[in-house]
Amino acid sequence: MPAKIIDGKKIAEQIREEIAHEVSLLKKRSGIVPGLAAILIGDNEASGIYVRNKEIACKKAGMVAEQYLLPAASTEREVLLLIEKLNHNPGIHGILVQLPLPKQIDERKILEAVLPEKDIDGFHPFNMGKLLAGCPTVLPCTPFGVIRILEAIDCKIEGKEAVVVGRSNIVGKPVSLLLMQRNATVTVCHTRTANLAEKVGRADILIAAAGRPEMVKGDWIKKGAVVIDVGINRLADGRLVGDVEFGEAQKRAGWITPVPGGVGPMTIAMLLWNTLQSAKRTLPA
Ligand code: GUN
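Take the position in the sequence shown, starting the count at 1, then add 863; the result is the number in this note's numbering.
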């Protein structure tokens, strides 16, 4: 039987409806409207689309969304000054700096400049440390979305073999921690892992987040596995594909996320969730 396809768009829509409802309650009860500021530096086409989609989703949920589009040649100082201004703006509860950044800008310096309370991506080292210690305030949006997908399909995590392909700070590392905290046995693989096919073949839960088009071959996948594909890669012929060879994988997996329409919409839903929680934390106790 072919895998069931996970409709990330539908799961995300339900979450976004709940968020919109909570936003309206918060507004009514406290006058607070959650506000997000998104900073985009340069003209990376994919980043531009992501930021625009995040802004639209925020507004649809009744939140304030501000976009700051800076030229590719911006200096680190200019970006730091903008972040400083937004850190002090009481109407902004979440600050997002879209990655990747142009070469002349030090990513670490920028992420550390965002106040941890307004870091709705969970990329500040303080928030990364809290996640590592098992007491997170905010979860990075994509890993959080992956966990919400697993919950939505009632996937038991405890005791399972989970394999994560990719070790980025944005997805691979944090999603590995979240799975470990839920008592999975986690193997983290990457581009230099030996015998990748054999390791992937052990996975009851496979998270592909290497950023390489169709690098995970369908016939590596264990029968019945849950396959979550975080990759979004544009091929030369214009097609959008994930990190997993979808057609073949679908023949073996139990559940699988499509690209697009799988993890992508969940990342945005969790960003809204994090912004709402950040706004709620400003309420007096
Ligand atoms: N670039 C790729 N994914 C993300 C994300 O989740 N947040 C930000 N800020 N940049 C990204």
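Glycine included, C-beta positions come from ideal geometry on N, C-alpha and C.
Burial state of residue i, where buried means 16 or more other Cβ atoms lie within 10 Å
i	result
GLN967	exposed
ASN1137	buried
ASN1058	exposed
PHE860	Any answer about residue 860 is impossible in this case: the structure gives the chain only from 864 up to 1148.
LYS923	exposed
PHE1109	buried
ASN1046	exposed
LYS948	exposed
GLY1105	buried
SER893	exposed
SER1039	buried
GLY1029	buried
HIS951	exposed
GLN877	exposed
ALA936	exposed
Residues bridged to residue i (per DSSP)
i	result
ALA900	GLU929 and ILE958
GLU1024	THR1048
LYS867	TRP1118
Proximity test, residue i beta-carbon vs the ligand GUN heavy atom, cut-off 7 angstroms
i	result
CYS1004	yes
THR1130	yes
ILE904	no
GLN961	yes
ASP969	no
ILE958	no
ASP1092	no
ASP984	yes
ILE1033	yes
Candidates the options: closest to residue i by CA position
i	options	result
MET847	GLY957, GLY911 and GLU1024	With the chain running from 864 to 1148 in the structure shown, residue 847 is simply not present.
LYS890	PRO1147, ALA1142 and ALA1148	ALA1142
THR1130	ALA883, VAL1034 and LEU995	VAL1034
LEU932	GLY925, ILE868, THR938 and ASP906	ASP906
ASN1096	LYS872, SER910, ILE874 and GLU880	SER910
GLU1111	ILE1070, GLY1127 and TRP1083	TRP1083
PRO1147	ILE895, ILE882, TYR913 and ALA900	ILE895
PRO953	VAL977, VAL1089 and GLY898	GLY898
Below-8 angstroms beta-carbon distance, residue i vs any chain D residue
i	result
PRO999	The structure shown contains no chain D; it holds only a single protein chain.
Can you list the beta strand (DSSP E) stretches of 3 or more residues lying completely in the region 1057-1120, in chain order? Correct list: 1068-1071 and 1089-1092.
Segments of 4+ residues assigned as alpha helix (DSSP H) that fall wholly inside the region 978-1027: 988-995 and 1004-1015
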